[in-house]
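Visitor: Residue numbers (our numbering): 1 to 122.
Don't be surprised by glycine CBs; every beta carbon is placed ideally from N, CA and C.
Source: prediction; values computed, not measured.
Structure in structure tokens, see below.
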């Protein structure tokens, strides 16, 4: 005859959820959740977007008062905003930053900025 466990009552001594987390996978789940939570907070504050962390615990009775626990930790980090780049298509179907139809000015160069002492004008 299978063992029937008693229903929880308000007077029952209950294990805390924190104790269960520390026991699952010998504490590896709690460490992973702590790390992922820290990463998620960082990603959310950097992007200003919403993220989500979900812990699922499945409990399956296996008999003789034993239960099997399977867990899954899902993290949805917000995607960072990526910049856009404007480029031009060449006649050969390549991309480049400069407009291939625009002429270049020969002899144009960048002038190095000279360091001069600041003079006070009165």
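Just mark residue 63 as buried or exposed, buried being the case when its beta carbon has 16 or more other beta carbons within 10 Å.
Guide: The residue is exposed, with fewer than 16 neighbouring Cβ atoms inside 10 Å.
Visitor: In terms of alpha-carbon separation, which member of 54, 92 and 20 lies closest to residue 76?
Guide: Comparing Cα positions, the closest option is 54.
Visitor: Compute the Euclidean distance between the alpha carbons of residue 93 and residue 115, then round it to the nearest angstrom.
Guide: Cα to Cα, residue 93 sits roughly 44 angstroms from residue 115.
Visitor: Quick check on residue 105: buried or exposed, where buried means 16 or more other Cβ atoms within 10 Å of its Cβ?
Guide: When all chains shown are included, residue 105 counts as exposed.
Visitor: Do you know offhand how far residue 40's Cα is from residue 79's?
Guide: The straight-line gap from Cα to Cα measures roughly 11 angstroms.
Visitor: Where do the N-terminal and C-terminal ends of the beta strand (DSSP E) with residue 68 fall, by residue?
Guide: Residues 66–76.
Visitor: Quick check: what's the CA-CA separation for residue 20 versus residue 88?
Guide: The straight-line gap from Cα to Cα measures roughly 58 angstroms.
Visitor: Could you spell out where the alpha helix (DSSP H) holding residue 129 opens and where it closes?
Guide: One cannot answer for residue 129 here, as it falls past the ends of the chain, which runs 1 to 122.
Visitor: Quick one: residues in its chain with C-beta nearer than 7 angstroms to the C-beta of residue 22, no 5 flanking neighbours on either side, listed in chain order?
Guide: The residues are 30.
Visitor: DSSP on residue 96, reduced to helix/strand/coil?
Guide: Note: residue 96 maps to strand in three-state DSSP.
Visitor: Label residue 51 either buried or exposed according to how many other C-beta atoms from any shown protein chain fall within 10 Å of its C-beta, with 16 as the threshold for buried.
Guide: Buried is the call here.
Visitor: What number of angstroms, rounded off, separates the C-alpha of residue 34 from the C-alpha of residue 7?
Guide: Those two C-alpha atoms are separated by around 32 angstroms.
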